[in-house]
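Structure record follows, encoded as structure tokens.
In the working numbering, the protein residues as written are 63 to 718.
Listed below in structure tokens is the structure:
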């Protein structure tokens, strides 16, 4: 057990196969070594066995908060969902904001560990330190929004006041490999297919009911010192200052115009580095400004809700009325995010602002990741253009059902078809929907289309072009959960100058910079607090608040080592599953022999191999593998080790 402040020292282990619930304490050494949330969640997943099949009952699905979750700490409303990914085959953790993480802490838990598989659909109700399973057969097949509203009536809670609901839509039920877990007002654990794992277990939702019961810090004086210092930093930051900073005013989509101006916005499946470059080359009507945070704020913004303990309020709720196939549709949604708008807009060849809002809302209701969904449709558009979808139906029917073997066409920017295709993917209701639901790696394998995929380790990239932002290139490649901007957010330095400005086009030094960001974010994910605080706070504020809450007295170096430990444990998990340096790759079009950047990024490509060498040297890894000396150095004493020595350079082999 642990007596550290910030912990409830209570974890529920729910065996869905027999409906049994057991309650456990948290190992004190693990709490100190892996911090909480992401770190502890990955440790639980590792202990379950790295060789499990992601969609078999033995795979663990862990909902975890951290020692700072649900406290006074700014932006501490996050929750981590950890599991083995059906999309990538790697360990994954996917986080969501809102209030669920805080309420899980207030309900008496540090985590929920789901294993097994229910015979019939169920949902879990968490309240007052207990977990109850209830029948969810009547909810199976419904979208997340209807599921949420139905459950609210059944549990007699007040959604948004003392009730949080995390659940899946048809995407998770039908095991779409990039299915998400949705949370209250359209927050999502979107990446890695956590919703797919939840669906495989016949678990429709997790409901948390609790009033506010914030944990008290073990050392109040130290905690308040750190909290006040953090608040001052947030208020003075040009990015996070409430009602003034870019993030507070425009949300994450503040980056749309910035990325466009830098020629760092992947467009038309990464063929171009901005919509301007595409417009000039092809003479088409496309302009990123139409889907920018500034445009959204001026024209369709209706509310600015916030998550637990957050003064920034980056969430931008929008409302649009748009025509779709002759029908007027009204949509109000909270999540017009930069990444979603990029994938469903410019990277798919259009910038129809209101159509993107419809697509975001539909992705959320169906429970599929907006980034992977948009990028999969862009991949399909390029494949269609090249004649690689001849056996798939675009209009909802296979060619044979239409009595023809003609080439299927999915045109660039066809948002009418895109809107409907989201549901077809979630329901796997036709050949094309079923194919795209498998994710980029499997589509590439089945259709000989690797060159059409913008994926790393089976997960597609985010809205940062590695021909422009070189740190993002090595970040995508070395991310333990597949292509991801949130493992190590180097654009903070490359775009915003945080903690100091670096040249985005310079590749030297980016290996070390990326590793440092990765370790820092492993800490914040394990606390679990929002990464946006890193635009203002640093390791000094982290240490003081952590020590004050837990009662520990760790140094900055010791906390950074804990972040390094978490990152290496994840890499070790992947190594055991056969991943090595060959998997730390990038889509070929971003490399020297691919498609060079245009405009402000004219002639640029990503110098991946040079950055990998620097990165591995800094990490102390051998061709992407954690050597046994590094495991020993960090005190990672689970499993047999990789069998790799930094001296010999030998590497394990395997199939990902």
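Ideal placement from N, C-alpha and C gives every residue a C-beta, glycine not left out.
Legend entry - residue 385 - DSSP class collapsed to helix/strand/coil: Position 323 of the chain shown, counted from the start, is the residue given in the question as residue 385. Three-state result, residue 385: strand.
Legend entry - With 16 other Cβ atoms within 10 Å as the buried cut-off, status of residue 289: Counting from 1 along the chain shown, the entry for residue 289 is found at position 227. It counts as buried.
Inset, instruction - Taking residue 720 as part of the beta strand (DSSP E), name the residues at either end of that continuous run. - result: The structure shown does not extend to residue 720, since the chain spans only 63 to 718, so no value can be given for it.
Legend entry - DSSP state of residue 365 mapped onto helix, strand, coil: Within the chain shown, numbered from 1, the residue matching residue 365 stands at position 303. In this structure, residue 365 counts as strand in the three-state DSSP scheme.
Inset, instruction - Report the rounded CA-to-CA distance for residue 647 versus residue 225, giving the unit in angstroms. - result: Working through the chain shown from its first residue, we reach residue 647 at position 585. Working through the chain shown from its first residue, we reach residue 225 at position 163. Roughly 42 Å between the two C-alpha positions.
Legend entry - residue 434, enclosing alpha helix (DSSP H) - first and last residue: Working through the chain shown from its first residue, we reach residue 434 at position 372. Run containing residue 434: 432-447, per the alpha helix (DSSP H) assignment.
Inset, instruction - Have a look at residue 426 and residue 63 and give me their C-alpha separation to the nearest angstrom. - result: Locating residue 426 in the chain shown gives position 364, where the first residue counts as 1. Locating residue 63 in the chain shown gives position 1, where the first residue counts as 1. Residue 426 and residue 63: Cα-Cα distance of roughly 38 Å.
Inset, instruction - Pull up the DSSP beta-bridge partners for residue 85, would you. - result: The residue you call residue 85 lines up with position 23 of the chain shown. Residue 85 pairs with 74.
Inset, instruction - May I have the straight-line CA-CA distance separating residue 445 from residue 507, to the nearest angstrom? - result: Along the chain shown, read from residue 1 onward, the residue named residue 445 stands at position 383. Along the chain shown, read from residue 1 onward, the residue named residue 507 stands at position 445. Taking the straight line from one Cα to the other gives about 13 Å.
Inset, instruction - Just confirm the distance between the C-beta atoms of residue 597 and residue 162, as a whole number of angstroms; I'd bet it's less than 8 Å. - result: The residue labelled residue 597 in the question sits at position 535 within the chain shown. The residue labelled residue 162 in the question sits at position 100 within the chain shown. Actually they are not in contact, since the Cβ atoms of residue 597 and residue 162 sit about 23 Å apart, beyond 8 Å.
Inset, instruction - Quick one: residues in its chain with C-beta nearer than 6 Å to the C-beta of residue 465, no 5 flanking neighbours on either side, listed in chain order? - result: By 1-based counting over the chain shown, the position of residue 465 is 403. Interpretation of residue 465 is limited by its pLDDT of 41, a score under 50 that renders its predicted location unreliable; the figure taken from the coordinates is listed afterwards. The answer is none, since no qualifying residue turns up.
Legend entry - Reduced DSSP secondary structure (H/G/I, E/B, other) of residue 341: Numbered from its first residue, the chain shown carries residue 341 at position 279. Residue state, collapsed to three classes: helix.
Inset, instruction - Consult DSSP for residue 37 and reduce its assignment to one of helix, strand or coil. - result: Past the edges of the chain, shown from 63 to 718, lies residue 37, and the structure says nothing about it.
Legend entry - residue 635: first and last residue of the uninterrupted alpha helix (DSSP H) it sits in: One-based indexing of the chain shown puts residue 635 at position 573. 618-638 is the extent of the alpha helix (DSSP H) around residue 635.
Inset, instruction - Answer yes if the region 670-689 comes into contact with the region 332-351, meaning at least three C-beta pairs across the two stretches below 8 Å, and no otherwise. - result: no
Legend entry - Which of helix, strand or coil DSSP assigns to residue 568: Indexing the chain shown from 1 puts residue 568 at position 506. Residue 568 falls in the coil class under three-state DSSP.
Inset, instruction - Tell me whether residue 585 sits in a helix, a strand or coil according to DSSP, three-state version. - result: By one-based count along the chain shown, residue 585 stands at place 523. Here residue 585 sits in helix by DSSP.
Legend entry - Option nearest residue 488 by Cα separation, candidates 667, 75 and 205: Stepping through the chain shown from its first residue, residue 488 is reached at position 426. When only C-alpha atoms are compared, the closest one is 205.
Inset, instruction - Label residue 85 either buried or exposed according to how many other C-beta atoms from any shown protein chain fall within 10 Å of its C-beta, with 16 as the threshold for buried. - result: Working through the chain shown from its first residue, we reach residue 85 at position 23. So residue 85 counts as exposed.
Legend entry - Residue burial classification, residue 95 (beta-carbon count within 10 angstroms, cutoff 16): Position 33 of the chain shown holds residue 95. Counting Cβ neighbours within 10 Å, residue 95 comes out buried, since at least 16 surround it.
Inset, instruction - Given a cut-off of 7 Å, decide if residue 267 and residue 257 are closer than it, judged by their beta-carbon atoms. - result: Locating residue 257 in the chain shown gives position 195, where the first residue counts as 1. Locating residue 267 in the chain shown gives position 205, where the first residue counts as 1. Against a cut-off of 7 Å, the Cβ pair of residue 267 and residue 257 comes out as no contact.
Legend entry - Bounding residues of the alpha helix (DSSP H) (the contiguous stretch that carries residue 99): On the chain shown, position 37 is the one that residue 99 refers to. Its alpha helix (DSSP H) spans residues 99-110.
Legend entry - Backbone CA spacing between residue 627 and residue 550 [nearest angstrom]: Working through the chain shown from its first residue, we reach residue 627 at position 565. Working through the chain shown from its first residue, we reach residue 550 at position 488. Answer to the nearest angstrom: the Cα atoms are 15 Å apart.
Inset, instruction - Hey, could you find the ends of the alpha helix (DSSP H) residue 479 is sitting in? - result: On the chain shown, position 417 is the one that residue 479 refers to. Its alpha helix (DSSP H) spans residues 477-489.
Inset, instruction - Compare the beta carbon distance of residue 328 and residue 527 with 7 Å and say whether it is the shorter of the two. - result: As a first step, residue 328 must be located in the chain shown, where it is residue number 266. As a first step, residue 527 must be located in the chain shown, where it is residue number 465. Yes, they are a contact pair.
Legend entry - Proximity winner among 279, 178, 430 and 253, relative to residue 262 (alpha-carbon distances): Locating residue 262 in the chain shown gives position 200, counting from the first residue. Out of 279, 178, 430 and 253, 178 has the C-alpha closest to the C-alpha of residue 262.
Legend entry - C-beta atoms of residue 519 and residue 212 nearer than 7 Å: Sequence index remark: in the chain shown, residue 519 carries index 457 (1-based). Sequence index remark: in the chain shown, residue 212 carries index 150 (1-based). Taking 7 Å as the Cβ cut-off, residue 519 and residue 212 do not qualify as a contacting pair.
Legend entry - residue 364 versus 155, 524, 394 and 171, residue with shortest Cα-Cα distance: In the chain shown, residue 364 corresponds to position 302, counting from 1. That would be 394, whose Cα lies nearest to the Cα of residue 364.
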